[in-house]
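Written below as structure tokens is the structure these notes are about.
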Amino acid sequence: MQSETAASPGRPGEGSPSRGGKDRPGRSRGPSFEARMMLPALVILAAISILPLLYIIWMSLNNVTLLGGTGISSNWTGLGNWGRMFADPGVWAGWAAMVIYFIGTVGLEMILGLVAALVIHEVVWGKNLAFSLILIPMFIAPVIVGLLGRFLVNPTYGLYAWVLRESGIYSGNILGGSVSAFVAVVLMDVWEWTPLVALITLAGLVSIQPQILEAAKVDGASYWERLRHIVLPSIAGIIIVALLIRSMDALRYFDIIWQATNGGPANATKIIPLRLYESAFRFFHLGYAATIGLLMLAVSILVANLFTGILRQRGLLR
Amino acid sequence: MSTGARFSAGKIFPYVLLVVLLLWTLVPIAWMLLSSFKSLTDVLSPTPLLTFKPTLANYIGLVSGGNNVLTYFRSSILAAGISTIIATTLGCFAGYGLARSNFRGKRHLAFWIISTRMAPIAAVILPLFIGFTFLHLINTVWGLIVAYLSFNLPFAIWIMNAFFADLPPGIEEAARVDGASNFQTFWRIALPMTAPGIVTTAILCLVFSWNDYAFAVTFAGPGSQTLPVAASQLITQTGVDWGQLTAIGTVVALPMVIVGLAVRRYLVRGLTLGAVTGE
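Going down the list, the sequences are from chains A and B. 18 is the number of the first residue of the first sequence in the numbering used here; add one for each residue after it. 469 is the number of the first residue of the second sequence in the numbering used here; add one for each residue after it.
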């Protein structure tokens, strides 16, 4: 199903207008069947993606503020917002926090997700049930994960705070200290999204031909040797897919931190989307927030580019 | 064969790791469930209580009183449900069109669709907020439906495209030879064959929009706020009612866990945007 050629049988498209018998209208008679099928969705998508894109670009070149309930005032500032953004230490701090958060969460999720997939793959007894149970966190709303995390590390009645205190590991207020709060929000994200990485990498493990592994086993290769020389190289492509999917979502969502710490303490966990949201809806500097948003958008388009590159490489995107 | 060989360290080690993994995953969930059945004094006990007198007070508290969650529940179902239906329906049509067409700019069209899905929510919120203000969509369920379409629609097109591209081409070809029109071929042949794909798409759209918080808290007003917003509102300056909070957390999480696990086989395909084929 990964054929690239337009002439491959069963790919009726504009390239083969004569196929399909008398019911099929010719090319000359308006848009093709395929185009008409796509039209409604693409019109709506354009209205809710291209118009907002043009608008956010315009916003970044203006001072946009809210007046009362529904009024908006704006005046042209040119590149003023951009100059201000690059000189704003808060924005730099936001990106720095974002980068650390990104490396911490996505890095841990990749490692733990791979380990979880390898474990589930190895297990025979109770495999199905265990797999389902391990997937649960990723269906829970990030808001709930943030709130639940906050509950668990509450210094007076939180379960995890109690465990850490009783075992002598940590007795302070976890969300009150910069480093401990950062570690806590990273782990909340890791809790929610490691299952996704496990799910994806397990699909890769399942697709490895068992004969190859058996042959290596017969030849005396240890588990680690098989892992390094057969398993990991075979699933490298799928691991990259998992990495890109997680990267994209890491840029998209900020609900967990929002609920758990709201950027605190002392801005230690204030990643860039939280800065943006605060500029827009607390200080009502909408134009300035739009400028921050455009930079985020640029980063996400970069990730999308890498992703479609991988898809093409895997023959899944023509 | 000796039992020592069968139960060697190599065989047991994965199970040890599995138990650790399960504890890491399930303890917070179990604690949320347990706490939702505790009385306020039991929830706030400084030493964790495993045995307690269970009460439904937290759940009853959610659905009674002036500010009960039923209106939030209704908004959640309407916003997530309608957005899912629109996205899945249009996604089927457009996904089929995309899978069966082969034109010069297809790559760019595909990239536009996927990048719409990947756009950071914080950035998307800004222009939509201003647009909705102009169109008087703030504080309405329709505003939320449109906002959710901004990620559900590109997702549905993209995934359905992947599912349709997977169909064996011969069957549709045969239908056409038998005189079926393009639309009949799509409707009677291709669509039924992708039923699992359609269900997966719909469920994932539902999960994404049901779990949304950022759009809901920004665009929704008293009449259109959703359950995640209700949950966050339990945190106030004066204190947090953790009993009610764990109860609402359970109410938000449970349906999505059930529908999500129901399509476990197809999740990989959906959640990797078609890049990885599942079992």
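Note that the Cβ used here is the ideal one computed from N, Cα and C, for glycine as well. Computed from a prediction, not measured in an experiment: that's the story for all the values here.
* In three-state DSSP terms, what is residue 511/B? -> Looking at residue 511/B - three-state DSSP - the assignment turns out to be helix.
* To do: Using 10 angstroms around the beta-carbon of residue 544/B, count the other beta-carbons present and answer buried if the total reaches 16, otherwise exposed.
  => Counting Cβ neighbours within 10 Å, residue 544/B comes out buried, since at least 16 surround it.
* Please confirm if the region 616 to 629 of chain B is in contact with the region 550 to 564 of chain B, defined as three or more CB-CB distances below 8 angstroms between the two stretches. => With a cut-off of 8 angstroms, the region 550 to 564 of chain B and the region 616 to 629 of chain B count as touching, because enough Cβ pairs lie within range.
* To do: Counting only runs of 4+ residues fully inside the region 149 to 192 of chain A, write out the alpha helix (DSSP H) ranges in chain order.
  => You should have 159 to 169, 176 to 183.
* Asked: Cβ of residue 613/B within 8 angstroms of Cβ of residue 547/B?
  -> Against a cut-off of 8 angstroms, the Cβ pair of residue 547/B and residue 613/B comes out as a contact.
* Asked: Applying the criterion that 16 or more other CB atoms from any shown protein chain within 10 Å of the CB defines a buried residue, is residue 302/A buried or exposed?
  -> Its Cβ being crowded by 16 or more others within 10 Å, residue 302/A is buried.
* Asked: Which whole-angstrom value describes the C-beta separation of residue 101/A and residue 305/A, a residue pair presumed to lie in contact below a C-beta threshold of 8 angstroms?
  -> Contact between residue 101/A and residue 305/A is confirmed by a C-beta separation of about 6 angstroms, below the 8 angstroms threshold.
* To do: Would you mind reading off the limits of the beta strand (DSSP E) that contains residue 89/A?
  => Boundaries of the beta strand (DSSP E) harbouring residue 89/A: 88 to 93, taken from the DSSP string.
* To do: Confirm, please, whether the CB-CB distance from residue 594/B to residue 73/A is below 8 angstroms.
  => Cβ atoms of residue 73/A and residue 594/B: closer than 8 angstroms.
* C-beta atoms of residue 217/A and residue 258/A nearer than 8 angstroms -> It is a contact, given that the beta carbons lie within the stated cut-off.
* **Alpha carbon of residue 719/B to alpha carbon of residue 690/B, nearest angstrom** => Answer to the nearest angstrom: the Cα atoms are 20 angstroms apart.
* **Residues, ordered as in the chain, of the region 195 to 216 of chain A that lie near chain B by beta-carbon distance below 8 angstroms** => Hits within the stretch, in order: 208, 212, 213, 216.
* Between the C-alpha atoms of residue 637/B and residue 64/A, what's the straight-line distance to the nearest angstrom? -> Their Cα atoms are separated by approximately 33 angstroms.
* Using a Cβ-Cβ cut-off of 8 angstroms (strictly less than) and excluding sequence neighbours within five positions of residue 697/B, which residues of its own chain qualify? -> Result list for residue 697/B: 540, 681, 684, 685, 688, in chain order.
* **Within chain A, partners of residue 614/B - CB distance below 7 angstroms** => Against chain A, the beta carbon of residue 614/B has neighbours under 7 angstroms at 65, listed in chain order.
* **Secondary structure, alpha helix (DSSP H): runs of 4+ residues fully inside the region 622 to 664 of chain B** => Runs of the alpha helix (DSSP H) lying entirely within the region 622 to 664 of chain B, each at least 4 residues long, are 637 to 645 in chain order.
* residue 206/A to residue 273/A span [Cα, whole Å] -> Answer to the nearest angstrom: the Cα atoms are 7 angstroms apart.
* **9 angstroms Cβ cut-off: residues of chain B touching residue 328/A** => The contacting residues are 578, 582, 741, 742, 743.
* Can you give the Cα-Cα distance for residue 728/B and residue 228/A, rounded to whole angstroms? -> Cα-Cα distance, rounded: 33 angstroms.
* Please work out which residues of its chain come closer than 6 angstroms, Cβ to Cβ, to residue 551/B, disregarding the five sequence neighbours upstream and downstream, and give them in chain order. => Residues of the same chain with a CB within less than 6 angstroms of the CB of residue 551/B, apart from the 5 flanking positions on each side, are 613, 616, 617, 620, 677 in chain order.
* To do: Leaving aside the five residues before and after residue 190/A along the sequence, list all residues of the same chain whose C-beta is less than 6 angstroms from its C-beta, in chain order.
  => Take residue 190/A, set aside five residues on each side of it, and the residues of its chain with a beta-carbon closer than 6 angstroms to its own are 172, in chain order.
* Asked: Taking Cβ-Cβ distances shorter than 8 angstroms, what residues in chain A pair up with residue 547/B?
  -> Result: empty, since nearest Cβ-Cβ is about 13 angstroms, beyond 8 angstroms.
* Interface flag, residue 515/B vs chain A, CB-CB below 8 angstroms -> So yes, residue 515/B belongs to the interface.
* If you measure from the beta carbon of residue 736/B to each beta carbon in chain A, is any gap under 8 angstroms? -> Proximity of residue 736/B to chain A, defined by a Cβ-Cβ separation below 8 angstroms, is satisfied.
* To do: Report the rounded CA-to-CA distance for residue 167/A versus residue 585/B, giving the unit in angstroms.
  => So the two alpha carbons sit approximately 29 angstroms from each other.
* Under three-state DSSP, which class holds residue 81/A? -> It is a strand residue.
* Exposed unless 16 or more other CB atoms sit within 10 angstroms - verdict on residue 509/B -> By the neighbour-count rule (16 or more Cβ atoms within 10 Å), residue 509/B is not buried but exposed.
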